[in-house]
Ligand code: SF4
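Residue numbers (this note's numbering): 9 to 278.
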C-alpha cells in the first residue's frame, strides 16, 4: 500500500477529516480562509478537528508526531540489520500500535503537509500551553516520524520564530533535507537540530553537523554506554527527562537534547 492510497483510504473510510482545505481539494481561484483568532483551546480543537500535539511519557512537555511509516530515510534504513531504524520504537511498537494513536499521527501528517493553517495553529498551541496562559518551554518535534521536505522544515522554523519563549528540539535522519535547507536559510536561535546517527553503536555524523553548525545523537548498547562519560540519563530516572517526578512541565531534570552546547547525545538501546 503506497502512502497516497493509505491516506485516501483513511479519508474515505473513516471520514475523520474536518478541514477539506488540507487535502488540496479547493478548486482553483477559491480564496483560502484566514486562520481565525483563537481564544481558547476549544476554539482550536473545533477548527482543526483533532489534537495536534502528542504527549510522550518521556518528555517534560508536549510534542508533535507523524507516522514512522512516512520516514524517508527510515523507509530504507528499517531493512538494514543493526540500524537504529530497524529497532524503531515508533514503528508498530508500544503505544504506537493502537489505532487511535495511528489515526492521530496520520491526521497530523496531513495537516502539516497540506493545511495553510499549520504554522498558525501550532504557534498558538505552543504559546498557550494546554489552553492556559503559559507557553510550552521544552518542545520536541517528531517523537515519531521525521521531516518530509524543505517546506516542512521551513514551516517548523516559522513556528520556532513565532514561539520565542520555547526551546525546540528536532532530531532528524534526513541529513540531505537539513543540509540543503541550512545552506540557503538561517535557522532560528531557539531550534536545536540533532542529526541522528544511522547505526546502533555507530559514529554520529559529526563532520557534517559541525559544517552546518548543528549537533548529533546516537544509539548505543550497554557495552558502549558504560564507556561513555555523558549519555542520556533517562534509563536511570524512570525513563523520563524529569527524573522520578514525571511531572509534566516540571523544572529540573535533564534537558541536554535541547542544548546546542551538548555536541552529541547517546541514547541507550533497550
Ligand atoms: S538526554 Fe536528557 S533531555 Fe535528552 S532524552 Fe535523555 S533525559 Fe531527556
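Even for Gly, the Cβ is constructed at its ideal location relative to N, Cα and C.
Can you find a heavy atom of the ligand SF4 that lies under 7 Å from the Cβ of residue 152?
-> The closest heavy atom of the ligand SF4 lies 7 Å or more from the beta carbon of residue 152.
Residue 176 - DSSP class collapsed to helix/strand/coil | Residue state, collapsed to three classes: strand.
Identify the continuous beta strand (DSSP E) that holds residue 103 and give its terminal residues.
-> DSSP places residue 103 in no beta strand (DSSP E); its state is neither H nor E.
Simplified DSSP assignment, three categories, for residue 127 = If DSSP states are grouped into helix, strand and coil, residue 127 belongs with the helices.
Would you tell me roughly how many angstroms separate the C-alpha atoms of residue 180 and residue 202, rounded to the nearest one?
-> Distance between the alpha carbons of residue 180 and residue 202: 6 Å.
Locate the alpha helix (DSSP H) running through residue 161, then write down its first and last residues.
-> Residue 161 -> alpha helix (DSSP H) spans 158-170.
Does DSSP classify residue 274 as helix, strand or coil?
-> Correct three-state label for residue 274: strand.
Leaving aside the five residues before and after residue 275 along the sequence, list all residues of the same chain whose C-beta is less than 6 Å from its C-beta, in chain order.
-> Closer than 6 Å at the Cβ level, and outside the excluded window around residue 275, lie 227, 240.
Return the residue from the list 134, 127, 55 that minimises the CA-CA distance to residue 8.
-> Outside the displayed range of the chain (9 to 278) lies residue 8, so it cannot be described from this structure.
Sorted by chain position, which residues of the same chain lie with C-beta nearer than 6 Å to residue 46's C-beta, five sequence neighbours on each side aside?
-> Answer for residue 46: 52, 132, listed in chain order.
Is it buried or exposed for residue 101, if we count other Cβ within 10 angstroms and need 16 for buried?
-> Residue 101 should be labelled exposed.
Under the DSSP definition of a beta bridge, which residues are partnered with residue 264?
-> For residue 264, DSSP assigns no beta-bridge partner whatsoever.
Integer-rounded CB distance, given that residue 78 should sit under 8 Å from residue 117 | That belief holds up - the Cβ atoms of residue 117 and residue 78 are roughly 6 Å apart, short of 8 Å.
Please write down, chain order preserved, every residue whose beta carbon lies under 6 Å from a heavy atom of the ligand SF4.
-> For the ligand SF4, the selected residues are 240, 241, 242, 249, 262, 263, 264, 265, 273.
Can you tell me which of the three DSSP states residue 145 falls into?
-> DSSP places residue 145 in the coil class of the three-state scheme, outside both helix and strand.
Could you pull out every residue in the same chain whose Cβ sits closer than 6 Å to the Cβ of residue 170, ignoring the five residues on either side in sequence?
-> Excluding the 5 residues flanking it on each side, residue 170 has same chain C-beta neighbours closer than 6 Å at 131, in chain order.
Quick one: what's residue 71 bridged to in DSSP?
-> Its beta-bridge partners are 62, 148.
Helix, strand or coil for residue 227 per DSSP?
-> Correct three-state label for residue 227: strand.
Residues bridged to residue 155 (per DSSP) = According to DSSP, residue pairing for residue 155 in a beta bridge does not occur.
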